[in-house]
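Each remark here refers to the structure printed beneath this line.
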Amino acid sequence: MDRSLCLCLLICLFLQCPFSYSWKSLTFLDLGSNLLQGPLPASLCNLEKLQYLLLSDNKLTGTIPHCFGNISTQLTVLDLRRNDFHGMIPTTFPERNELRNLGLNGNQLEGPLPRSLINCKSLEVLDVGQNHITGPFPDWLGTLPELRVLILKLNRLQGPIGNSSNKSSFQKLKILDISYNNFTGYVPAKMLENFRAMKKNGSETSQRQYMGDGSYYLDSVTVIMKGLEYQVKRILTVFTTIDLSGNQFEGNIPKSIGDLNSLVVFNLSHNNFNALDLSQNHLVDQFLQVGTSIPFLILHLLGTPDCVIFRLKIVEKLMDRNHLPGGYLITEIVRSYEWIYMETSGLRILFWNDPWSGHWIPNVLYSNPKIVRCYG
């Protein structure tokens, strides 16, 4: 779109003037990362052939017009992230729509997720993080056959997550982020077993592929890795992550996590788990090369771990060397901590005894979840 047409379109959108026939045939509109403000005009719904509407990173306010659900019969991508919309998400998503990506992250939206999203059979990315969404975990989203990315973080969702009896639920899911809500109870082992896309090797193709390849819009997502926030602007199809941090999960860590052999990032921090059982593995009582691919975990373990391989007091000599055998650099060591190094075939954990809480705090240095047995 040339600048003059774009300017005329902007004026008409926000001054409510009639659309010409040529504008009604518009299929792609990207006004992201500008300084647009005020309510979103319902006249956008007159663009009946619109497939891509990108308005992220502006200062738009008010509610999302309900007609936006109606135009999703043609709309493929609706990106309204990082604005200041409030109110509820439109409840009018019709059957046989083409919506593939719905991005509402970083607004002030409230209420439950609309059940009409179940009609979005082509939906691959649903990002409603950092809002005020309420209600239980929307397990009914598991019936969406193409869903690959589900971001629900930093909302007000609550309650236990049940184990679905539907074995095809969430079978294509590659990214799940439900961090910093108020989920309780046990991590649903049966649901994790359904994550078939996380059980594939990821090396099946040597060619690098991204979600959204072949379209005008490449999917993006923000994830937490090793305590730092990263914006992944192009999502590799082999990238898989589960973030359950900042909730009230308790009990044991389900062993079904060990079957997710293509998992790249797994975050359980800031929950209330009370067991990490790594028994019945092939333990090796020596230090080996240590990797750094898994983020820091704070599981708040209660009691002493059973699989203890090596225990030592941190001494000045170790601090002077500033490394552990195997070459892994340690930037901060408190001398009074008691350390335990544990290794299974592919899982290496460094524990220290927190003198304030009395809990064993693990730092996962390297993991290949395929061989991990985490259960109580």
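Numbering follows my numbering, with no gaps: position 316 of the sequence shown is 407. Even for Gly, the Cβ is constructed at its ideal location relative to N, Cα and C.
Alpha-carbon spacing of residue i relative to residue j, whole angstroms
i                 : j                 : result
glycine 178       : proline 279       : 31 Å
glutamate 284     : lysine 258        : 8 Å
glycine 518       : isoleucine 333    : Outside the shown range of the chain (92 to 467) lies residue 518, about which nothing can therefore be said.
glutamine 128     : isoleucine 155    : 13 Å
asparagine 161    : proline 236       : 21 Å
glutamate 201     : serine 255        : 26 Å
arginine 187      : serine 213        : 9 Å
valine 216        : isoleucine 180    : 16 Å
asparagine 338    : leucine 267       : 14 Å
serine 116        : leucine 138       : 7 Å
lysine 263        : threonine 234     : 10 Å
cysteine 211      : asparagine 343    : 35 Å
leucine 193       : histidine 361     : 29 Å
proline 203       : leucine 243       : 12 Å
aspartate 148     : valine 355        : 28 Å
methionine 282    : phenylalanine 261 : 8 Å
serine 436        : threonine 313     : Legend: pLDDT at serine 436 = 34, less than 50; position of this residue unreliable, value from coordinates given subsequently. Cα to Cα, serine 436 sits roughly 31 Å from threonine 313.
threonine 185     : leucine 120       : Checking the displayed sequence, the identity of residue 185 turns out to be proline instead of threonine. About 22 Å.
phenylalanine 340 : tyrosine 277      : 6 Å
leucine 135       : glutamate 189     : 17 Å
leucine 359       : phenylalanine 286 : 17 Å
tryptophan 114    : serine 347        : 52 Å
Burial state of residue i, where buried means 16 or more other Cβ atoms lie within 10 Å
i              : result
aspartate 218  : buried
arginine 426   : Any reading at arginine 426 must be qualified, since the residue scores a pLDDT of 37, below 50, and its modelled position is unreliable; the value itself is stated next. By the 10 Å Cβ count, arginine 426 comes out exposed.
lysine 150     : exposed
glutamine 221  : buried
alanine 288    : buried
glycine 253    : exposed
arginine 206   : exposed
threonine 167  : buried
asparagine 272 : buried
proline 345    : buried
lysine 265     : buried
Closest Cα partner of residue i within the set the options
i                 : options                           : result
asparagine 198    : Thr152, Arg287 and Leu208         : Thr152
phenylalanine 357 : Glu341, Gly342, Leu335 and His157 : Leu335
arginine 174      : Phe364, Ile224, Ile242 and Asn125 : Checking the sequence shown, residue 174 turns out to be asparagine, not arginine. With distances taken between Cα atoms, asparagine 174 lies closest to Asn125.
arginine 172      : Glu189, Asn352 and Leu145         : Leu145
valine 240        : Asn273, Ile269, Leu351 and Phe159 : Ile269
serine 353        : Phe330, Pro345 and Asn363         : Phe330
threonine 275     : Asp170, Phe364 and Pro130         : Phe364
proline 132       : Cys158, Glu341 and Thr118         : Cys158
leucine 195       : Ser134, Leu122, Leu169 and Thr118 : Leu169
threonine 182     : Gln165, Glu189, Phe176 and Ile209 : Ile209
lysine 291        : Glu341, Leu351 and Leu245         : Leu351
glycine 123       : Trp114, Tyr143 and Ser134         : Tyr143
proline 130       : Cys136, Phe176, Gln165 and Asp121 : Phe176
Inter-residue CB distance, residue i and residue j (contact presumed, cutoff 8 Å)
i              : j            : result
glycine 250    : proline 227  : 5 Å
isoleucine 224 : arginine 191 : Incorrect: roughly 21 Å between the Cβ atoms, too far for contact.
leucine 238    : leucine 232  : 6 Å
threonine 164  : leucine 141  : The Cβ separation is near 11 Å, so there is no contact.
Discussion item. Give the list of continuous alpha helix (DSSP H) stretches no shorter than 4 residues that lie fully inside the region 262-298.
Written reply: Listed in chain order, the alpha helix (DSSP H) elements of length 4 or more contained wholly in the region 262-298 are 280-284.
Worksheet entry | Any beta strand (DSSP E) of 3 or more consecutive residues that is wholly inside the region 120-201 | As far as the region 120-201 is concerned, its whole beta strand (DSSP E) runs of at least 3 residues are 128-130, 143-145, 150-153, 168-170, 175-179 and 192-194.
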